[in-house]
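Protein chains: 2
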Amino acid sequence: MRVTPTRVVLADDALLFRQAIAWLLEQHDFQVVGQVSDADGLRNAVSALRPDIAVIDIRMPPTGRLEGLESAVELRARHPDLGVLLLSHYLESHYLPVLFGANARGVGYLLKERVTGIEAFVEAVTRVAAGGCVLDPEVVDLMIAARSRRDPLHTLTAREREVLALMAEGRSNQAIGAQLVLTPKTVESHVRSIFTRLGLAPEPDDHRRVLAVLTYLRAHH
Amino acid sequence: MRVTPTRVVLADDALLFRQAIAWLLEQHDFQVVGQVSDADGLRNAVSALRPDIAVIDIRMPPTGRLEGLESAVELRARHPDLGVLLLSHYLESHYLPVLFGANARGVGYLLKERVTGIEAFVEAVTRVAAGGCVLDPEVVDLMIAARSRRDPLHTLTAREREVLALMAEGRSNQAIGAQLVLTPKTVESHVRSIFTRLGLAPEPDDHRRVLAVLTYLRAHH
DNA sequence: GCCAACATCAGGGGTAGCCCTGAAACCGGG
DNA sequence: CCCGGTTTCAGGGCTACCCCTGATGTTGGC
Numbered sequence: 001m002r003v004t005p006t007r008v009v010l011a012d013d014a015l016l017f018r019q020a021i022a023w024l025l026e027q028h029d030f031q032v033v034g035q036v037s038d039a040d041g042l043r044n045a046v047s048a049l050r051p052d053i054a055v056i057d058i059r060m061p062p063t064g065r066l067e068g069l070e071s072a073v074e075l076r077a078r079h080p081d082l083g084v085l086l087l088s089h090y091l092e093s094h095y096l097p098v099l100f101g102a103n104a105r106g107v108g109y110l111l112k113e114r115v116t117g118i119e120a121f122v123e124a125v126t127r128v129a130a131g132g133c134v135l136d137p138e139v140v141d142l143m144i145a146a147r148s149r150r151d152p153l154h155t156l157t158a159r160e161r162e163v164l165a166l167m168a169e170g171r172s173n174q175a176i177g178a179q180l181v182l183t184p185k186t187v188e189s190h191v192r193s194i195f196t197r198l199g200l201a202p203e204p205d206d207h208r209r210v211l212a213v214l215t216y217l218r219a220h221h
Numbered sequence: 001m002r003v004t005p006t007r008v009v010l011a012d013d014a015l016l017f018r019q020a021i022a023w024l025l026e027q028h029d030f031q032v033v034g035q036v037s038d039a040d041g042l043r044n045a046v047s048a049l050r051p052d053i054a055v056i057d058i059r060m061p062p063t064g065r066l067e068g069l070e071s072a073v074e075l076r077a078r079h080p081d082l083g084v085l086l087l088s089h090y091l092e093s094h095y096l097p098v099l100f101g102a103n104a105r106g107v108g109y110l111l112k113e114r115v116t117g118i119e120a121f122v123e124a125v126t127r128v129a130a131g132g133c134v135l136d137p138e139v140v141d142l143m144i145a146a147r148s149r150r151d152p153l154h155t156l157t158a159r160e161r162e163v164l165a166l167m168a169e170g171r172s173n174q175a176i177g178a179q180l181v182l183t184p185k186t187v188e189s190h191v192r193s194i195f196t197r198l199g200l201a202p203e204p205d206d207h208r209r210v211l212a213v214l215t216y217l218r219a220h221h
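Protein chains in written order, with the UniProt record's numbering: chain F, 1 to 221; chain V, 1 to 221.
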């Protein structure tokens with residue numbers, strides 16, 4: 001009952017891997033309309049063939065550049081309806097925000113070694129081609145981490161922000177407790193909670209109280 | 001052999017004192033071209049008579065205003081070559097920075113009760129009229145105190161600033177020692193020295209490490 | 001109504017960061 | 001040449017700040 005099969009363009013500089021994926025996809029009723037090995041080819045193929053989805057391998061270290069990611073960003077801007085599924089060995093965090101831009105429709109990012117099975121991969125291609133969003137859990141973790149890096153104070157509770165504000169004024173735990181009417185133990189409890197929430201693990205080289213104050217000051221310009 | 005005597009304008013609301021100073025200066029080959037008793041008179045006299053120097057008494061508490069000081073600031077801005085010698089009973093610290101502004105050429109500030117002798121006073125008038133700078137030692141003390149309040153880091157040694165810079169990055173004493181090749185004990189020694197130099201007494205309500213970091217950050221915008 | 005998150009606090013323990021004194025080496029200036 | 005300031009460090013002590021677990025009451029959402 002399939003009227004038109006999903007049209008796929010494959011981008012990968014490794015011929016073998018490309019062929020393998022193409023064969024795999026065609027076994028699952030996809031139509032691989034083009035295979036390219038570099039960013040220019042990808043651009044041209046998408047413009048000429050108008051596929052439903054581009055499956056792009058980001059092959060970077062140590063040889064290649066980030067051209068896969070860069071052209072992915074470009075493609076999403078130029079072809080809003082195009083699905084883009086990225087495959088990578090590593091997690092390239094730098095381009096994630098710009099890649100998703102405003103919306104996360106028709107985009108995917110999978111880590112190769114974490115794709116458990118063929119079914120999961122095919123499922124991902126289908127979902128992305130249909131405008132869905134498929135992200136490796138690790139990618140999700142990293143993005144929320146990045147968000148909380150942008151405004152780490154939003155992860156704190158109101159009370160914790162009060163305590164941190166006083167810490168940032170150079171007050172001692174004793175003084176904080178006196179001002180907020182808390183026992184010293186409770187102040188310590190809040191301080192500990194602040195540390196963990198700000199992602200400040202107890203490194204021997206860090207003075208976490210100062211680091212917490214610094215993040216607080218940065219968030220308040 | 002004096003071609004033109006130094007031309008002086010005297011400003012003081014007390015007639016007796018004014019006359020006494022005028023007589024004293026004329027005994028020492030100065031030419032007192034004008035005597036005034038208020039700020040307006042001073043302004044007009046300087047504009048009309050173009051003296052080399054204005055000797056101004058700041059007569060304030062409890063009656064008068066700070067008009068002497070204010071007009072002194074104004075005069076220095078309007079007449080860059082005019083010497084201005086201020087006489088005061090008290091030390092008025094508030095106007096000192098704005099009084100000196102960019103340069104301290106042709107300006108003087110003496111405390112009456114600390115003028116030891118007539119020779120010293122005459123010498124001061126001469127120096128200021130010639131574009132020099134005469135300041136009571138107490139004034140100097142107060143200015144450097146103000147400067148060290150404005151930039152407390154200048155009171156630190158080079159090594160202490162290195163340590164404080166690392167503290168301001170949230171590093172622990174251990175990490176600081178490792179980076180600067182110091183034993184932990186030496187780091188502690190520097191930290192203690194930084195505290196005392198920044199005037200951070202061991203108050204139970206203060207977290208001095210944070211306070212030291214804050215002053216460091218303030219000094220670096 | 002229950003569960004999760006928050007806020008409060010206690011008990012009990014470790015140690016980094018602080019205190020003080022003292023001392024040695026160096027260096028520049030009166 | 002000695003003297004004050006800087007830099008380096010040790011010994012010895014104290015406690016504020018940190019860790020962990022666990023308990024209680026409150027709140028808000030499903």
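From the three backbone atoms N, C-alpha and C, an ideal C-beta is built for every residue, glycine too.
Whole-number beta carbon distance between residue j and residue i, since they are thought to touch under 8 Å
i, j, result
"residue 53/V", "residue 8/V", "6 Å"
"residue 193/V", "residue 162/V", "At roughly 12 Å, the Cβ-Cβ gap does not stay under 8 Å, so residue 193/V and residue 162/V are not in contact."
"residue 210/V", "residue 209/F", "7 Å"
"residue 128/F", "residue 85/F", "5 Å"
Beta-carbon neighbours of residue i, restricted to chain V and to distances below 7 Å
i, result
"residue 172/F", "204, 205, 206 and 207"
"residue 214/F", "170"
Per-residue burial, residue i [other beta carbons within 10 Å of its own, 16 or more giving buried]
i, result
"residue 201/V", "exposed"
"residue 125/F", "buried"
"residue 171/V", "buried"
"residue 82/F", "buried"
"residue 12/F", "buried"
"residue 6/F", "buried"
"residue 152/F", "buried"
"residue 224/V", "The structure shown does not extend to residue 224/V, since chain V is modelled only from 1 to 221, so the question has no answer here."
"residue 196/F", "exposed"
"residue 57/V", "buried"
"residue 220/V", "exposed"
"residue 108/V", "buried"
"residue 199/F", "exposed"
"residue 207/V", "buried"
"residue 4/F", "exposed"
"residue 20/V", "exposed"
"residue 175/V", "buried"
"residue 51/F", "buried"
Partner residues on chain F for residue i, Cβ-Cβ distance less than 9 Å
i, result
"residue 175/V", "203, 204, 205, 206 and 207"
"residue 139/V", "Per Cβ cutoff of 9 Å: no residues; residue 139/V is ~32 Å from chain F at best."
Residue i: CB within 6 Å of a non-hydrogen atom of the ligand PLP
i, result
"residue 117/V", "The ligand PLP is absent from the structure shown, which contains no ligands of any kind."
Partners in chain F for residue i, counting only beta-carbon separations shorter than 8 Å
i, result
"residue 73/V", "Ordered by position in chain F, no residue passes the 8 Å Cβ test against residue 73/V, which lies about 34 Å from the chain."
"residue 211/V", "170"
Under 8 Å from the C-beta of residue i: neighbouring residues of chain V
i, result
"residue 180/F", "Within 8 Å Cβ-Cβ: nothing; residue 180/F doesn't reach chain V, min ~13 Å."
Same chain only: Cβ atoms within 7 Å of residue i, ignoring 5 sequence neighbours per side
i, result
"residue 112/V", "87, 88 and 89"
"residue 233/F", "Any answer about residue 233/F is impossible in this case: the structure gives chain F only from 1 up to 221."
"residue 22/V", "10, 32 and 35"
"residue 15/F", "none"
"residue 120/F", "none"
"residue 24/F", "118"
Own chain partners of residue i with C-beta closer than 8 Å, once the 5 adjacent residues on each side are dropped
i, result
"residue 177/V", "183, 184, 186 and 187"
"residue 217/F", "168"
"residue 215/V", "152, 153 and 198"
"residue 131/F", "81, 83, 105 and 106"
"residue 26/V", "32"
"residue 173/V", "184, 187, 188 and 191"
Proximal chain V residues relative to residue i, where beta-carbon distance stays under 9 Å
i, result
"residue 85/F", "What residue 85/F touches in chain V: nothing, since even the nearest Cβ is about 40 Å away."
Beta-carbon contacts of residue i that lie in its chain and below 6 Å, excluding the five residues immediately before and after
i, result
"residue 122/F", "28"
"residue 37/F", "13"
"residue 18/V", "10, 12 and 35"
"residue 61/V", "Here residue 61/V scores only 41 on pLDDT, less than 50, and its place in the model is too uncertain to base an answer on."
"residue 42/V", "11, 36 and 71"
Inset, instruction - For the segment 28 to 47 of chain V and the segment 73 to 91 of chain V, state whether three or more C-beta atom pairs, one from each stretch, are separated by less than 8 Å. - result: yes
Legend entry - Cβ pair count under 8 Å reaching 3, the segment 179 to 193 of chain V against the segment 121 to 140 of chain F: no
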